[in-house]
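Protein chains: 2
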Amino acid sequence: MKADPTHIEERIRAFQEACRRAGAKATHQRTEIFRAVIATDSHPDAQAVYRQVKERIPSISLDTVYRNLKLLAEKGFLQIAGTSHDSLRFDGNMAHHHHFSCTRCGMIRDFVTDDPQGLKIPEEACAFGEVQSLHLEVKGICAACRKKLKAKDKK
Amino acid sequence: MKADPTHIEERIRAFQEACRRAGAKATHQRTEIFRAVIATDSHPDAQAVYRQVKERIPSISLDTVYRNLKLLAEKGFLQIAGTSHDSLRFDGNMAHHHHFSCTRCGMIRDFVTDDPQGLKIPEEACAFGEVQSLHLEVKGICAACRKKLKAKDKK
DNA sequence: TCTTATTTAGGAATTTATCTTAATGAAAGC
DNA sequence: GCTTTCATTAAGATAAATTCCTAAATAAGA
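As given, the protein sequences belong to chains X and P, one line each in that order.
Start counting the first sequence at 431; every next residue gets the next number (our numbering).
Start counting the second sequence at 431; every next residue gets the next number (our numbering).
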C-alpha cells in the first residue's frame, strides 16, 4: 500500500515483457501475484499473497501462488526478505558482527569490519521502534556454490 | 568449530550462573545445547544442534532441543540469525534499501538512508564468494509491540 | 532432603511448502 | 485464427520443521 499506481502499472508492463523474453507466459495469475507483492511494502508471505490475489481471482490455487513466487524470485523479479532459509538458525556469537549468506545453499558466515565511521544506527530506522541490533547483511553466492555452478555450465 | 576452548568454558560457566539467577535450572541438556551453538560459527538449526548434542547425550530428545533453543533465544543467551520469521517473505522493492524487522511480531519495513560514503561492500565479505547485495538489517521492537508490552506490564 | 523445574517417551497435530496426475484453459508465435 | 506449448486447476499426497500432549521418571538447587 504505497507506490503510485502509475509506477506499478509501468512495472507490470515491463514484467510482462520480461516474462515473454524469458520464455515464460505472462498469465493473468502470474501478473496478479507479481502485482500483489509490488503493491505493498509489507513483505508478504505466500499465504498473504494468496489471500490478496484471491480477491481478484477467486479461483486461484495456493499451489499456483507458491509456484510463481518461487519462479519470480528465481528470475529476479522479486527478492526474498531476510535470508532464504527453511529453518530457524541460531547464532551464539553475541559480539557485534555481520553476516554473509549464500542465496543458493543457505550458508551463513560471520565477519567483522573496522566500522570506520561507526556504522551508526540510521535515524530512519528509529522511526519504526526501539532498535536492538544492527548489522550488515551481505547476500551472494559462496565459493563452493560458485564452483558447482561453473561445473554445471561446462556440461 | 572456532573459538578457543577456554573462552567457551568461561561462557558456559557464566551461562549457568545466569540461568540460576533467571530461575531456570542449568541442566546438563540445556548446557550442552548452549555449548553446541556457541562452539560453532555455522549458525546451526535445531536439527543440527540435536545431532551435535546427541553425541554427548544420546538420550536427548528433539523436543528438548527445540524447547531450550527457544528459551535461550528468549532469554537473550543466543540470537536468531536473520529475521525470525516462520515463512518465506517476498520483497517487490528492487531498489537499494534496508530493513527494520520486529523481533516480536515479525513486521518488516523498508527504509532508505543517504549512504553518505556509499555503504560499500566490505572486503571481509568478498572472501566468502560473489556478493550480490548488501543491506542493513536493523532489529528491534516495533512501536505497536512496544505499546502492547507496556500495557502488559501495567497488569 | 525436599520441592519444583525439566526431561523423557511416544505420539499427535500444525504449519509451510512441494509435488502428483489428469483435464482444462489460456498465451504467444505463426 | 490456429496451434503448440506452457500454465492452471482440483484433489489429494507428502515432507519437513516445529510445537504440544500426557504421564512418569529424574535431576537441580535451596
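From the three backbone atoms N, C-alpha and C, an ideal C-beta is built for every residue, glycine too.
All of these numbers come straight from a predicted model, not from anything done at the bench.
Between the CA atoms of residue j and residue i - distance to the nearest angstrom
i: residue 570/P; j: residue 533/P; result: 6 angstroms
i: residue 449/X; j: residue 493/P; result: 45 angstroms
i: residue 521/X; j: residue 577/P; result: 28 angstroms
i: residue 503/X; j: residue 499/P; result: 30 angstroms
i: residue 558/P; j: residue 530/X; result: 7 angstroms
i: residue 585/P; j: residue 575/P; result: Only weak support exists for where residue 585/P lies, its pLDDT of 47 falling under 50; the value from the coordinates is given anyway. Their Cα atoms are separated by approximately 16 angstroms.
i: residue 447/P; j: residue 562/X; result: 24 angstroms
i: residue 466/P; j: residue 506/P; result: 16 angstroms
i: residue 510/P; j: residue 519/X; result: 6 angstroms
i: residue 451/P; j: residue 527/X; result: 28 angstroms
i: residue 552/X; j: residue 543/P; result: 7 angstroms
i: residue 579/X; j: residue 456/X; result: 28 angstroms
i: residue 459/X; j: residue 549/X; result: 42 angstroms
i: residue 496/P; j: residue 478/P; result: 11 angstroms
i: residue 474/P; j: residue 470/X; result: 32 angstroms
i: residue 491/P; j: residue 480/P; result: 8 angstroms
i: residue 590/X; j: residue 538/X; result: For residue 590/X there is no data in the structure shown, the boundaries of chain X being 431 and 585.
i: residue 441/P; j: residue 554/P; result: 26 angstroms
i: residue 508/P; j: residue 487/P; result: 21 angstroms
i: residue 468/P; j: residue 501/P; result: 15 angstroms
i: residue 568/P; j: residue 476/P; result: 24 angstroms
i: residue 483/X; j: residue 525/P; result: 24 angstroms
i: residue 463/P; j: residue 485/X; result: 46 angstroms
i: residue 443/P; j: residue 523/X; result: 16 angstroms
i: residue 560/P; j: residue 512/P; result: 19 angstroms
i: residue 572/P; j: residue 453/P; result: 28 angstroms
i: residue 516/P; j: residue 536/X; result: 16 angstroms
i: residue 461/X; j: residue 581/X; result: 34 angstroms
Sheet register partners of residue i (DSSP bridge)
i: residue 512/X; result: In DSSP, residue 512/X forms no bridge with anything.
i: residue 572/P; result: 559/X
i: residue 521/X; result: 509/P
i: residue 538/P; result: 531/P
i: residue 567/P; result: 565/X, 529/P
Within chain X, partners of residue i - CB distance below 9 angstroms
i: residue 572/P; result: 558, 559, 560
Contact set between residue i and chain X, taken where Cβ atoms lie within less than 8 angstroms
i: residue 444/P; result: Chain X residues near residue 444/P: none, gap ~11 angstroms exceeds 8 angstroms.
i: residue 566/P; result: 552, 555, 564, 565, 566, 567
i: residue 576/P; result: 559, 560
Beta-carbon neighbours of residue i, restricted to chain P and to distances below 7 angstroms
i: residue 563/X; result: 569
Interface residues of chain P facing residue i [CB-CB closer than 9 angstroms]
i: residue 532/X; result: 558, 559
i: residue 543/X; result: 552, 553, 554, 555
Chain-ordered chain X contacts of residue i [CB-CB under 7 angstroms]
i: residue 451/P; result: What residue 451/P touches in chain X: nothing, since even the nearest Cβ is about 17 angstroms away.
i: residue 460/P; result: Within 7 angstroms Cβ-Cβ: nothing; residue 460/P doesn't reach chain X, min ~14 angstroms.
Using a beta-carbon distance cut-off of less than 9 angstroms, what residues from the region 502-528 of chain P approach chain X? 502, 503, 506, 507, 508, 509, 510, 511, 512, 513, 514, 515, 516, 517, 518, 519, 520, 521, 522, 523, 524, 528
Taking Cβ-Cβ distances below 9 angstroms as the criterion, which residues of the region 466-486 of chain X are in contact with chain P? 466, 467, 468, 469, 470, 471, 472, 473, 474, 475, 476, 477, 478, 479
According to a CB-to-CB cut-off of less than 9 angstroms, which residues of the region 487-499 of chain P neighbour chain X? 499
Tell me the start and end of each unbroken alpha helix (DSSP H) in the region 449-504 of chain P that is at least 4 residues and wholly inside, in chain order. Note on the region 449-504 of chain P: whole alpha helix (DSSP H) runs with a minimum of 4 residues are 458-468, 476-484, in chain order.
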